[in-house]
Amino acid sequence: MKSKILIIEDEAAIRRVLSKIISEENENYIVEEAEDGLVGVDMITKSDYDLVLCDIKMPKMDGVEVLERIKVLKPEIPMVMISGHGDLDTAVNTMRLGAFDYISKPPDLNRLLNTVRNALDKKELVVENKLLKKKVSKKYEMIGESEAIDLIKNMIEKVAPTDARVLITGPNGTGKELVAHWLHEKSERTKAPMVEVNCAAIPSELIESELFGHVKGSFTGANKDRAGKFEAANGGTIFLDEIGDMSLSAQAKVLRALQENRIARVGSDRDIKVDVRVIAATNKDLQKEIAEGRFREDLYHRLAVILINVPALNDRRDDIPLLIEFFTDQIAQEQGTAVKKFSKAAVKLLQDYDWTGNIRELRNVVERLIILGEKEVSENDIKLFANK
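Numbering (our numbering), first residue to last: 427 to 814.
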């Protein structure tokens, strides 16, 4: 794959020498030239480059200004600064501003080519990391174009950049955890951890220790001090899934954490300050739980600043063809097999079923059909293997 390199240098002779050395080193290097900083910035704005070599002392716009502009416009491009003898202090300072390296005039051939290779390797790593992050994010992709899904996506775009607490409601298997992950990934807290807690899976006598930690000797089995999930999520997001199953005593402590941004480990009187965004989810009717004394009304109002309801799959049947396509691609990648197609009749039959298990159930059925069905999954395959 060819690498595109831009040289910004006001001295034509030096520009030509650099261009000749670099282009002759590797036939995959495409070298372009700019005679000053203004022209260079304009070229970078209009085109994509894998590396920029930039002189420091130039008329119209010096190299430091060019560096500062490019770090805003296209921060992924590595910048190598070219410095004269009197510019060395400035060159060193450009490293603090984000330059990849600097080379002195007249350039040493080996030093120049090594710097070019290293800078291009770094650019390639940055691109690979971005692709990897996109793949990780795809795990939590929300599939669908129905009105209900569009509404949720629009709400996420508005709410995610804020620190507003969100309560996600909806039946089991609808993808409430996807909404939580998207809220975190699109937030200002995305570089900090998102810690998930399944409140229904933790025994009531252990939930407080799990959330807030404990000190040694605070209960049988507490053999050492242990931090809880709130501390682990400090600076990031905590996702309290199935919060409707949390005990009343734990609810009281969560309420205090939300009110004061402080927690105390079980068995300790010392407060620990935490900065955590709370996202909660439940498949229960919390208003009914409040009426029957199983959920604190004050906690509900603390959590439900923003309410997002994820609809049942039966209420968004138009999204089923897209979900089938997404799952077939996903399963083929996981299993290292060819992607199977579903006939139109097969898709239509699946759209007509009653999906009590929602998206989770649909994925299981799609996987079963891919394993047991013919090369193209047919209506008959579904009648045989869908178990509906």
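Beta carbons: idealized from backbone N, C-alpha and C, even for Gly.
Since this is a predicted model, take the numbers as computed values, not measurements.
query: Contact under 8 Å by Cβ, Ala707 with Ala606; result: yes
query: Option in Glu751, Asn790 and Glu805 with minimal Cα separation from Lys774; result: Glu805
query: Which of helix, strand or coil DSSP assigns to Met620; result: strand
query: Span separating the alpha-carbon of Glu437 from that of Val552; result: 31 Å
query: 8 Å contact criterion, which Arg652 and Gly639 should meet: CB distance rounded; result: 5 Å
query: Inter-residue Cα distance where the pair is Asp474 and Ser613; result: 28 Å
query: Beta-carbon proximity list for Leu523, same chain, < 6 Å, skipping 5 on both sides; result: Leu493
query: Spatially closest choice to Val765 from Ile448, Leu604, Val702 and Phe753, by CA coordinates; result: Phe753
query: Ile732 - partner residues in DSSP beta bridges; result: Val592
query: Same chain, Cβ closer than 6 Å to Asn740, five either side skipped, listed in chain order; result: Trp781
query: Nearest-angstrom Cα separation, counted from Ser675 out to Ala648; result: 19 Å
query: Alpha helix (DSSP H) segments (min. 4 residues) lying fully within the region 732 to 760; result: none
query: Contact check, Val498 vs Thr520, beta carbons under 8 Å; result: no
query: Alpha-carbon spacing of Ser530 relative to Arg615, whole angstroms; result: 40 Å
query: Sequence-distant residues of the same chain with beta carbon closer than 6 Å to Glu502, five excluded per side; result: Val552
query: Bridge partners - Ala707, DSSP secondary structure assignment; result: Ile594
query: Exposure of Glu760, with buried meaning 16 or more beta-carbon neighbours within 10 Å; result: exposed
query: Of the residues Arg691, Lys699, Pro629 and Gly670, the one placed nearest Asn660, counting alpha carbons only; result: Lys699
query: Length of the line joining the Cα atoms of Val803 and Lys767; result: 6 Å
query: Assigned exposure category for Ala439 - 16 Cβ within 10 Å defines buried; result: exposed
query: 8 Å Cβ cutoff met for Gln777 and Arg722; result: no
query: Option nearest Ile482 by Cα separation, candidates Lys472, Leu666 and Leu464; result: Leu464
query: Three or more C-beta pairs below 8 Å linking the region 622 to 642 and the region 584 to 598; result: no
query: Glu603 versus Glu461 - alpha carbon distance; result: 53 Å
query: Limits of the alpha helix (DSSP H) - the one that Thr520 falls within; result: Leu514 to Arg522
query: Arg691 versus Ala683: straight-line alpha-carbon distance, rounded; result: 12 Å
query: Among Asn540, Thr763, Tyr566 and Gly799, the one whose alpha carbon lies nearest that of Glu451; result: Asn540
query: Distance between Ile750 and Arg742 (C-alpha atoms, nearest Å); result: 13 Å
query: Environment of Pro532 [buried if 16+ CB atoms lie within 10 Å]; result: exposed
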